[in-house]
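Enquirer:
2 protein chains.
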Amino acid sequence: MRAAAEQVAESLRDEILAGVFPSGARLGEAELAGRLSVSRTPVREALSRLAAEGLVEIQPNRGARVVTRTPDELREIFEIRLRLEPYAVCRAVPRLTARQLDELDDLATTMVTVGRSSTLVDLNRCFHGLFIDAAGSPPLAQALRAVTHAAVVHQNFHDYSEDALDRSLRHHVEMVAAARAGDGEWAEAIMRAHLCNARATMIGGRP
Amino acid sequence: MRAAAEQVAESLRDEILAGVFPSGARLGEAELAGRLSVSRTPVREALSRLAAEGLVEIQPNRGARVVTRTPDELREIFEIRLRLEPYAVCRAVPRLTARQLDELDDLATTMVTVGRSSTLVDLNRCFHGLFIDAAGSPPLAQALRAVTHAAVVHQNFHDYSEDALDRSLRHHVEMVAAARAGDGEWAEAIMRAHLCNARATMIGGRP
DNA sequence: CACCGCAAGATTGCATGCAATCCTTCCCAC
DNA sequence: GTGGGAAGGATTGCATGCAATCTTGCGGTG
Chain P
526 MRAAAEQVAE SLRDEILAGV FPSGARLGEA ELAGRLSVSR TPVREALSRL
576 AAEGLVEIQP NRGARVVTRT PDELREIFEI RLRLEPYAVC RAVPRLTARQ
626 LDELDDLATT MVTVGRSSTL VDLNRCFHGL FIDAAGSPPL AQALRAVTHA
676 AVVHQNFHDY SEDALDRSLR HHVEMVAAAR AGDGEWAEAI MRAHLCNARA
726 TMIGGRP
Chain V
526 MRAAAEQVAE SLRDEILAGV FPSGARLGEA ELAGRLSVSR TPVREALSRL
576 AAEGLVEIQP NRGARVVTRT PDELREIFEI RLRLEPYAVC RAVPRLTARQ
626 LDELDDLATT MVTVGRSSTL VDLNRCFHGL FIDAAGSPPL AQALRAVTHA
676 AVVHQNFHDY SEDALDRSLR HHVEMVAAAR AGDGEWAEAI MRAHLCNARA
726 TMIGGRP
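Protein chains in written order, with the numbering used here: chain P, 526 to 732; chain V, 526 to 732.
The following block contains the structure:
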């Protein structure tokens, strides 16, 4: 993409995922343009892009807002992730380099030590993102990022019970073990459990 | 989206999916703006949008082109569809109205009669799109449209063998029967076979 | 007191203009 | 004859300006 627009999009994406803009926050073009010292044109382009990524929604003549998902949509997003992300992990395992394995190890162990901090969601995003990238399938990565991003916006680990959070972190560690063992099937199974655990705690039990 | 930009995007989307612009065709901003009697601004916005939809790819300072997928990417797109579209059909079946069932019937039977015409791909797109919409899950629809669009660009039924095309059309009819019976499991199974059949003929046998 | 209509301010949508980058082609040196 | 390089044209990227639309606050009316 274009340099300035790319920078604006990246900055906005980071800030939205970091929670700087809460869900539903209004994103005025002029305000963003002023904040980043660019014209409104690249801002509009970035907003368009983020809208397609599922991070913001644009209403004609009414501006852009950070997306708000209904509980139903959140549940659906997990259904999609459950069907794609385990597959991505299975594909990724045989392609992981030693360097990437170490990085995953770092992320998993760090997440255990940092506890409930704001960096936890960042580390989690990196962890899942690394697997998605390592799957080596641009279409898969595109499809998954759209839904994982949308989920992350509403995920801050605050809702996790002590038990659920503990399980989630152990899943990461176990997934790295499975990856080191080269067992894609194992890693895929853990990812499936990982997402079910997340779904149960985020959405609540089956109604 | 904005009125003019929306119109440009829709027009471009239709023309790309209709094959007016072949895969890899250059999409100059000035040319498109002139053709549709708008300024370059909405054209740029539409191209950005279509890029996010996976229909075109934008290279910085080098303009936009209709996407070209490698065989590997096409194969991956089918892997994604195989994991999402049967699920979408299963969800859609209990939600289909009588009117939608009739429409599906029309589409399926029409596709049998028209034979290998250029409208076949359009009808096919409507058929699959109706199921996707009827699933009633915006995130699922978004994820699926991105990959199905990209696949349609490279799909013109020319590569289908007589047998494969026959199977494909019968699948549609059977899917409608399953939907009328309210049997989501049945419809889901046929959709899975339908996609495997398409994958086999479009990609070729397993290497 | 509540509700509807209206006008001013604010914001978005599009057109246009200019600078930056890329592609083409021609020329020159080897 | 071939390869490298530079100038010209063409195209993209961004900034700015203006018209159209929406939001907000106020006044009037029932």
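The beta carbon of each residue, even a glycine, is placed where N, CA and C say it ideally should be.
Closest to arginine 587 of chain V by C-alpha separation, out of V:Ser562, V:Gly553 and V:Val563, would be which residue?
Expert: The candidate whose alpha carbon is nearest that of arginine 587 of chain V is V:Gly553.
Enquirer: Using 8 Å as the threshold, is the segment 635 to 647 of chain P in touch with the segment 552 to 566 of chain V, meaning 3 or more CB pairs across them?
Expert: No, the segment 635 to 647 of chain P does not touch the segment 552 to 566 of chain V.
Enquirer: What's the gap between the Cα of aspartate 691 of chain V and the Cα of valine 646 of chain P?
Expert: Aspartate 691 of chain V and valine 646 of chain P: Cα-Cα distance of roughly 50 Å.
Enquirer: For valine 581 of chain P, name the three-state secondary structure that DSSP assigns.
Expert: In this structure, valine 581 of chain P counts as strand in the three-state DSSP scheme.
Enquirer: According to DSSP, is glycine 549 of chain V helix, strand or coil?
Expert: Residue state, collapsed to three classes: coil.
Enquirer: Tell me where the alpha helix (DSSP H) around glycine 559 of chain P begins and ends.
Expert: It spans 554 to 561 - the alpha helix (DSSP H) in which glycine 559 of chain P sits, taken as one unbroken run.
Enquirer: Let me check understanding here. Comparing Cα to Cα, which of V:Cys721, V:Ser562 and V:Val591 lies closest to glutamate 578 of chain V?
Expert: Residue V:Val591 is the option with its Cα nearest to glutamate 578 of chain V.
Enquirer: Which residues mark the beginning and the end of the alpha helix (DSSP H) in which arginine 705 of chain V is found?
Expert: From DSSP, the alpha helix (DSSP H) with arginine 705 of chain V extends over 687 to 705.
Enquirer: Is the distance from the Cβ of valine 678 of chain V to the Cβ of isoleucine 583 of chain V below 8 Å?
Expert: Result no, Cβ atoms of valine 678 of chain V and isoleucine 583 of chain V do not sit closer than 8 Å.
Enquirer: Residues in its own chain within less than 7 Å of proline 732 of chain V by CB, not counting five upstream and five downstream?
Expert: Here the model assigns proline 732 of chain V a pLDDT of 48, short of 50, so the residue's position is not dependable, and the following value carries that caveat. Result list for proline 732 of chain V: empty, nothing under 7 Å.
Enquirer: Buried or exposed, going by whether 16 or more other CB atoms sit within 10 Å of the CB of proline 547 of chain P?
Expert: The residue in question, proline 547 of chain P, is exposed, as its Cβ has fewer than 16 Cβ neighbours within 10 Å.
Enquirer: Please classify asparagine 681 of chain P as buried or exposed, where buried requires at least 16 other C-beta atoms within 10 Å of its C-beta.
Expert: Label assigned to asparagine 681 of chain P: exposed.
Enquirer: What do you get for alanine 534 of chain P, buried or exposed, if any count of 16 or more other CB atoms within 10 angstroms of its CB means buried?
Expert: Alanine 534 of chain P comes out buried.
Enquirer: Taking the runs of the beta strand (DSSP E) that are 3 residues or longer, which of them lie wholly in the segment 587 to 620 of chain P?
Expert: As far as the segment 587 to 620 of chain P is concerned, its whole beta strand (DSSP E) runs of at least 3 residues are 588 to 591.
Enquirer: Is it right to say threonine 622 of chain P is buried, meaning 16 or more other beta carbons lie within 10 angstroms of its own, or is it exposed?
Expert: Under this definition threonine 622 of chain P is an exposed residue.
Enquirer: Can you tell me the Cα-Cα spacing of histidine 697 of chain P and leucine 599 of chain P, whole angstroms?
Expert: Whole-angstrom Cα-Cα distance: 22 Å.
Enquirer: Along the segment 599 to 625 of chain V, where does the CB come closer than 8 Å to a CB of chain P? Name the residues.
Expert: From the segment 599 to 625 of chain V, only Glu601, Ile602, Glu604, Ile605, Arg608, Leu609 and Tyr612 have a Cβ closer than 8 Å to chain P.
Enquirer: Mapping the DSSP letters down to three states, classify aspartate 708 of chain P as helix, strand or coil.
Expert: Aspartate 708 of chain P: coil per DSSP, three-state reduction.
Enquirer: Taking all protein chains shown into account, do 16 or more other C-beta atoms lie within 10 angstroms of the C-beta of glutamate 713 of chain V, making it buried, or fewer, making it exposed?
Expert: When all chains shown are included, glutamate 713 of chain V counts as buried.
Enquirer: Using the beta-carbon of each residue, which ones in chain V are nearer than 8 Å to leucine 665 of chain P?
Expert: Correct list: Glu601, Glu604 and Ile605.
Enquirer: If you reduce the DSSP assignment to three classes, tell me which class glutamine 680 of chain V lands in.
Expert: It is coil, neither helix nor strand.
Enquirer: Can you give me, in chain order, the residues of the segment 585 to 596 of chain V that have a beta carbon less than 7 Å from any beta carbon in chain P?
Expert: The residues in question are Pro585.
Enquirer: State yes or no: is the C-beta of alanine 668 of chain V nearer than 7 Å to some heavy atom of the ligand ADP?
Expert: Looking at this structure, you won't find the ligand ADP or any other ligand, since it has none at all.
Enquirer: To which residues of the same chain is valine 614 of chain P closer than 6 Å at the C-beta, ignoring the five residues directly before and after it?
Expert: Once the five neighbours on either side are set aside, the close Cβ partners of valine 614 of chain P are Phe656, Ala712, Glu713 and Met716.
Enquirer: For a contact meaning CB atoms closer than 7 Å, what does arginine 574 of chain V contact in chain P?
Expert: Those within 7 Å of arginine 574 of chain V in chain P are Ser573 and Ala577.
Enquirer: Checking contacts by CB at 8 Å: is proline 699 of chain V closer than that to chain P?
Expert: Before going further, note that residue 699 of chain V is glutamate rather than proline in the sequence given. So, not an interface residue.
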